[in-house]
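There are 2 protein chains.
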Amino acid sequence: MINKLIDKITNLQAPIVVGLDPMLAYVPEHIKKAAFEEYGETLEGAAEAIWQFNKKIVDATCDLIPAVKPQIAMYEQFGIPGLVAFKKTVDYCKEKDLVIIGDIKRGDIGSTSTAYAVGHVGKVQVGANSFYGFDEDFVTVNPYLGTDGVKPFIDVCKEENKGIFVLVKTSNPSSGEFQDQLVDGTPLYELVGKKVAEWGEQHMGKGYSYVGAVVGATYPEMGKVLRKIMPNTYILVPGYGAQGGKAKDLVHYFNKDGLGAIVNSSRGIIAAYKQEAYAKFTPEHFEEASRQAVIDMIEDIKGALSE
Amino acid sequence: MINKLIDKITNLQAPIVVGLDPMLAYVPEHIKKAAFEEYGETLEGAAEAIWQFNKKIVDATCDLIPAVKPQIAMYEQFGIPGLVAFKKTVDYCKEKDLVIIGDIKRGDIGSTSTAYAVGHVGKVQVGANSFYGFDEDFVTVNPYLGTDGVKPFIDVCKEENKGIFVLVKTSNPSSGEFQDQLVDGTPLYELVGKKVAEWGEQHMGKGYSYVGAVVGATYPEMGKVLRKIMPNTYILVPGYGAQGGKAKDLVHYFNKDGLGAIVNSSRGIIAAYKQEAYAKFTPEHFEEASRQAVIDMIEDIKGALSE
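Order-wise, the sequence lines are chains A and B.
For the first sequence, my numbering assigns the number 8 to the initial residue and increments by one for each residue that follows.
For the second sequence, my numbering assigns the number 8 to the initial residue and increments by one for each residue that follows.
Below, the structure written as structure tokens:
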């Protein structure tokens, strides 16, 4: 799956991923109205609204992008109906041959981590049969519990040719509270980065590992260091655009082969129609605003990389 | 909700919580057979089996225990049907007036953490209406992303009189990989513990905070130190029994008032019938084995605390 991701990135010349994090406030009125008319102002109505919203964005952008990253929290907040919309979104993106990075940030120990891995990137056994629960291609994983928490994901990924992205340095303002603490002069995120590189050796694709890392766009100097510590690790980069990360800051997240990083934008793409720059598309044609925002993002990053 | 938890612990003289982590391998054949006859060897069949298993255990133990801790991973592995069984279990335990600690170990940033909080311990707004998604009383939270990740949970909990338990020192063998790293001579888990105490001041109940901590039974010396660092923090203690933690090790997790800690057992209770000590109950009466295991666990801890 890391090979497929890299092939798609190379063919499309687009090291980007669209974050499908549909807050209800992003969904245009006409979509919400239709959903609420059918299901009422209920969890089912909200789930239908975000699913229809996603579908339009996927239809309008899937020929330009290698991957999507649905953020499961935005679905989970609507309980079971929300998670049904998450599953529909994953299945639909699979039909469109997109690589799906489930942003689930799970992490537990032993058999519990195995259960998460089985549910999201593997198959669960029921009697004589086995089933995919959610069936993403990659998931994000929290490293706080150490190797016991991460290894079960790697084991399941090996069977399925799937992968993970481990949180190393997150994009938020307070990420440094624990992640930047110095251990014998080395910040914790570097120790985590070293472990990610080590875990990654257990499951290698062509040049890059199935075990990737999350490093926020908002900390470019740290990204530069982490790039060197983890040479064969794909870096998933949140924080571009709405959170303040700029294309020129992202150059050092890439290797000299032009690969090694994939940059996420969520709000900046899916709620593009709310920005002044894309207002001309109007809320009725929000998906065209998203398409234009994808084109602009690809150009922006390409420009920075070619400098 | 922390007050309710403490009242129930005091009235029942039982500082324990039963972990509802139903792996299919724990479910006796007759329960599985009935479920598979109705739904086939499918995700729905598996979900029915774990739900019926839970129901019997809850019925057999609910008059003895203050709380349950369903581990969501064990349900999530069965996809949507599994999560429906999780929700049914939460609702059923609520009917029985048990305090429900959702062991979800979520953690993200800003609006994403808010979404998790809203879905699990709060209400989500849909148009003019609001709905509970899963509606646990407490959830476990991962601290790796810092205050940005935890604060949104606290904000939602304040509105709802609910609470969280933040992972401080987990019970697994490799938990030390990052958690024990020394920062200016202080292990990271102590820094996290200090933050938990600080966060807890924002949302206090009677003597104890709505912001609790998870500290594994397998590291009693660290538990002793953390108890002092977080005097007003309730400690949720996993790792008793099956993972090797013994009652005598747990004494220092409690304060002098006899409160301050709640000890979890999962496998040791729900799969008690598989242990030699409870084999006489037979798999057909597994729930009676669970009841006896609860009684024995309460005695074991009471004995250790009175010494």
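Heads up, the beta-carbon is just placed ideally off N, CA and C, and yes, glycines get one too.
Taking a C-beta distance under 8 Å as the contact criterion, A:Glu-48 and A:Glu-55 do not qualify as a contact pair. Fewer than three Cβ pairs drawn from the segment 13 to 26 of chain A and the segment 284 to 293 of chain A lie within less than 8 Å of each other, which leaves the two stretches out of contact. Between A:Tyr-151 and B:Phe-160, the C-beta spacing is not below 8 Å. In this structure, the beta-carbon distance from B:Gly-89 to B:Tyr-99 does not fall below 8 Å. In this model, A:Val-24 and A:Ile-276 are separated by some 10 Å (Cα to Cα).
In this structure, A:Tyr-241 sits near A:Gly-267, with a CB-CB distance shorter than 8 Å.
Residue contact check for B:Glu-48 against chain A: a CB pair falls below 8 Å. Just so you know, the alpha carbons of A:Leu-189 and A:Leu-195 end up roughly 6 Å apart. Residues of chain A with a Cβ closer than 7 Å to the Cβ of B:Ser-181 are, in chain order, Gly-153, Thr-154, Asp-155. Distance from the CA of A:Ile-108 to the CA of B:Phe-261, rounded to the nearest whole angstrom, comes to 42 Å. Positions of the alpha helix (DSSP H) runs, each at least 4 residues long and wholly inside the segment 261 to 287 of chain A, are given as 274 to 277 in order along the chain. Counted as a single uninterrupted DSSP element, the beta strand (DSSP E) harbouring A:Leu-27 occupies residues 23 to 27. Within the DSSP bridge table, the entry for B:Gly-109 names B:Val-146 as partners. Not flagged as an interface residue toward chain B: A:Ala-268, since no C-beta distance is shorter than 8 Å. For A:Glu-44, the closest Cβ of chain B is not nearer than 8 Å. Proximity of chain A to B:Ile-116 at the Cβ level (cut-off 7 Å) is accounted for by Thr-177, Asn-179, in chain order.
Using beta-carbon distances, A:Gly-126 counts as an interface residue toward chain B, with a partner under 8 Å.
Residue burial is scored here from C-beta neighbours: A:Thr-121 has at least 16 other C-beta atoms within 10 angstroms and is therefore classed as buried. In this structure, A:Met-304 places its C-beta atom within 8 Å of the C-beta atom of A:Ser-272. For the set A:Asp-162, A:Lys-158, A:Gln-132, A:Ser-297, the Cα lying nearest the Cα of A:Cys-69 is the one of A:Ser-297. In this structure, the alpha-carbon of B:Lys-76 lies about 24 Å from that of A:Gln-132. Residues Asp-144, Asn-168, Lys-169, Gly-170 of the same chain have their beta carbon placed closer than 6 Å to that of A:Met-8, with the five preceding and five following residues left out of the count. If only complete runs of 4 or more residues are kept, the segment 153 to 202 of chain A shows the alpha helix (DSSP H) at 154 to 167, 183 to 186, in order along the chain. Short of 7 Å from the beta carbon of A:Thr-225, and not among the five residues preceding or following it, lie these beta carbons of its own chain, in chain order: Ser-178, Gly-246, Gln-250, Gly-251, Gly-252. B:Val-65 and B:Lys-103 do touch by the CB rule: their CB atoms are close to 6 Å apart, below 8 Å.
Scanning its chain for C-beta atoms nearer than 6 Å, with the 5 sequence neighbours on each side dropped, one finds around A:Asp-307 the residues Ala-254, in chain order. Bridge pairing for A:Gln-132: A:Ser-137 [DSSP]. In the DSSP assignment, B:Gln-78 is bridged to B:Asp-110. Using a Cβ-Cβ cut-off of 8 Å, A:Ala-53 is close to Val-131, Val-133 of chain B, given in chain order. Per DSSP, the beta-bridge partners of A:Gly-219 are A:Phe-172. Note on B:Asp-14: under 16 other CB atoms within 10 angstroms of its CB, so exposed under the neighbour-count rule. Residue pairing for A:Leu-243: DSSP places it in a beta bridge opposite A:Val-221, A:Ile-269. Annotation for A:Gln-78: Gly-26, Leu-27, Asp-28, Asp-110, Ser-273 place their beta carbon closer than 8 Å to its own, counting only its chain and skipping 5 residues before and after.
Following the DSSP letters along the chain, one finds B:Asp-307 inside the alpha helix (DSSP H) bounded by residues 293 to 313. DSSP places A:Pro-227 in the uninterrupted alpha helix (DSSP H) bounded by 227 to 236. Within the same chain, and ignoring the five residues on either side of A:Trp-58 in sequence, the residues whose Cβ sits closer than 8 Å to its Cβ are Ala-92, Lys-95, Thr-96.
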